[in-house]
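Beneath this line is the structure, given in structure tokens, with notes to follow.
2 protein chains.
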Amino acid sequence: MEAVLTAAVALLDEGGKPALTFRALATRLGTGVGSIYWYVAGKDELFDRATDHVIGEVLTAVRALPGSDDPIADLRAMAVTLFDAIMDRPWLAAYFMRNTDVQGNSLRLYEEIGRQTLRLDLTPRQRFHAASAVLGVVVGTAADLGMELPQEVLDGQVDRDQFLERFAETWRGLDAAEFPFVTAIADEFAGHDDRDQFLAALDLTLAGLRLQAGA
Amino acid sequence: MEAVLTAAVALLDEGGKPALTFRALATRLGTGVGSIYWYVAGKDELFDRATDHVIGEVLTAVRALPGSDDPIADLRAMAVTLFDAIMDRPWLAAYFMRNTDVQGNSLRLYEEIGRQTLRLDLTPRQRFHAASAVLGVVVGTAADLGMELPQEVLDGQVDRDQFLERFAETWRGLDAAEFPFVTAIADEFAGHDDRDQFLAALDLTLAGLRLQAGA
DNA sequence: GCCGACTATCGAACGACGTTCCATTCGGAG
DNA sequence: CTCCGAATGGAACGTCGTTCGATAGTCGGC
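Structural data, given as structure tokens:
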């Protein structure tokens, strides 16, 4: 069981979600395809279990955070930890979008984040919305992060900066009257860092949250 | 070509992303599978074109918005319009997560949103991040919206509220010492409205944005 | 020593899918 | 009528998730 999950995670790390295949997994484990079905009911459960497995690592990382007297600062640190984990393993983003079993480590992570809102002066509903909003920022930014890279970039044939520059070049060439915004921020897009983009979005909602909590 | 796209959208509306199949599409069009390949290079392009097709409708809806003297209010209205469109067609969420061709209507929609940031007192980078953050909130919330419903709910066998209540019941039964947050907001989760959740998250980032812009 | 019951393994086979390929048909220009 | 590119249709291929039955191994009870 444990060997199945670690092998599945290894496949995901190497080739992303499409690389996780029952046949590939069986080959790596040196067994037959049918054996895997004795441990998991199907592909969904396999994916869920494998993902929950690494969410466990994220959870321990989150729990190991020092913590401070500022709940929002702690909230920020947790979100950053989660985001960094997704940057390392982009296929993780797909997990949060099919959270059928809101159980296990995913629930515990949700608890860790939501617990910070208990330290803020908010109504229960506001707490619920705050925790969801923070998670939403992570997922929302991570979503167009893992998927934006076509195969040629993953293969290392094309540099990421070159890839962005190609788009920026197209944007710069657009009609400035019809696309005042896009032409204006083409340069920003060219060299942009996904992590900075995430932090900016996160800090916006946290600023709003701080305002709401009156802290 | 046009018929192919409208049929593809119809299939997506009826059964979501897994329902969009070359064979199903060919059957609906009364042709062969190979014919579709004369119009599109593959499944990815088919999905992109079909999605961009409906994004066009969202774009006209966004452009039809009245507009006000408050850029942030306009930003909010646009985000809500986009979110509502995704609520109607949950499979749309998957589109924004694989925006390979940042061209077409998607780009125009991005322009429409970003243009509002030009009316705010921000640096170019802040404008770029603001537009991305707003889109991120929409995508982030919409993501765990379309996917959270298992098949039994889509089939109408189980009511959505019953489905949520089932989770809430589990959460209420957890140890309050170990899960102080989850047990506290179980009631909120039970009857929660996805749209309210989205609006709360959106308003948080917009409040932060308003703070940043000093408006 | 034999037995059934349970745990666990294996790979052939099935149906659905995306994609390729090629023979065929159509329609207008010469 | 001829011809050539535009457009069509569907058989065929490889891969995928999943199912299924055959086959061992293990262990307690008689």
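First to last, the sequence lines map onto chains A and B.
My numbering puts the first sequence at residues 1 to 215.
My numbering puts the second sequence at residues 1001 to 1215.
Glycine included, each C-beta is placed from N, C-alpha and C at the ideal position.
Since the structure is predicted, the reported quantities are computational estimates derived from the model, not experimental observations.
As assigned by DSSP and simplified to three states, the class of residue i
i               : result
F179 (chain A)  : coil
V1158 (chain B) : coil
L145 (chain A)  : helix
I185 (chain A)  : coil
D13 (chain A)   : helix
L1202 (chain B) : helix
D1121 (chain B) : coil
T21 (chain A)   : coil
H1129 (chain B) : helix
D193 (chain A)  : coil
G1030 (chain B) : coil
L107 (chain A)  : helix
G208 (chain A)  : helix
L174 (chain A)  : coil
V997 (chain B)  : Residue 997 (chain B) lies beyond the range of chain B shown here (1001 to 1215); nothing can be said about it.
G1214 (chain B) : coil
V40 (chain A)   : coil
Cβ neighbour criterion (16 or more within 10 Å) applied to residue i
i               : result
V134 (chain A)  : buried
S1068 (chain B) : exposed
Y37 (chain A)   : exposed
M1001 (chain B) : exposed
Q1212 (chain B) : buried
P1066 (chain B) : exposed
A207 (chain A)  : buried
V1033 (chain B) : exposed
Q1162 (chain B) : exposed
E169 (chain A)  : exposed
G140 (chain A)  : buried
R49 (chain A)   : buried
T205 (chain A)  : buried
D144 (chain A)  : buried
R1210 (chain B) : buried
R1127 (chain B) : buried
L1177 (chain B) : The question names Leu, yet the displayed sequence has Ala at residue 1177 (chain B). Exposed is the call here.
E1111 (chain B) : buried
R160 (chain A)  : exposed
G136 (chain A)  : buried
D74 (chain A)   : buried
A961 (chain B)  : Residue 961 (chain B) lies beyond the residue range present for chain B, which begins at 1001 and ends at 1215; the question has no answer from this structure.
A1064 (chain B) : exposed
T1117 (chain B) : buried
T27 (chain A)   : exposed
R1166 (chain B) : exposed
R23 (chain A)   : exposed
Chain B contact residues for residue i, given Cβ-Cβ distances below 7 Å
i              : result
G136 (chain A) : V1137, G1140, T1141, A1201
S132 (chain A) : Q1197, A1201
P180 (chain A) : R1115, L1118
R127 (chain A) : I1185
9 Å Cβ cut-off: residues of chain B touching residue i
i              : result
P124 (chain A) : A1184, I1185, D1187, E1188
Q212 (chain A) : D1203, L1204, A1207
F22 (chain A)  : Ordered by position in chain B, no residue passes the 9 Å Cβ test against F22 (chain A), which lies about 18 Å from the chain.
Amino acids of chain A, ordered along the chain, whose beta-carbon sits closer than 8 Å to that of residue i
i               : result
F1083 (chain B) : In chain order: nothing, as chain A lies at least about 12 Å away.
Neighbouring residues, chain A, relative to residue i (Cβ below 7 Å)
i               : result
E1111 (chain B) : F179, F181, V182
L1107 (chain B) : V182
Expected contact under 8 Å - CB spacing of residue i and residue j to nearest Å
i               : j               : result
A1019 (chain B) : L1011 (chain B) : 5 Å
D52 (chain A)   : G104 (chain A)  : 5 Å
L59 (chain A)   : L109 (chain A)  : 5 Å
S1132 (chain B) : Q197 (chain A)  : 5 Å
A184 (chain A)  : P1124 (chain B) : 6 Å
A1186 (chain B) : L1164 (chain B) : Not quite, the Cβ-Cβ distance comes to about 10 Å (not below 8 Å), so this is no contact.
R89 (chain A)   : L202 (chain A)  : About 19 Å; that fails the 8 Å criterion.
P71 (chain A)   : L25 (chain A)   : That pair is no contact at about 42 Å.
A142 (chain A)  : F83 (chain A)   : 6 Å
Q1078 (chain B) : V1054 (chain B) : Going by the sequence as given, residue 1078 (chain B) is Met instead of Gln. Actually they are not in contact, since the Cβ atoms of M1078 (chain B) and V1054 (chain B) sit about 16 Å apart, beyond 8 Å.
V182 (chain A)  : G1114 (chain B) : 7 Å
- Task: Scan the region 1042 to 1102 of chain B and note each continuous alpha helix (DSSP H) run of 4 residues or more that stays entirely inside, going in chain order.
- Result: 1043 to 1063, 1071 to 1088, 1093 to 1096
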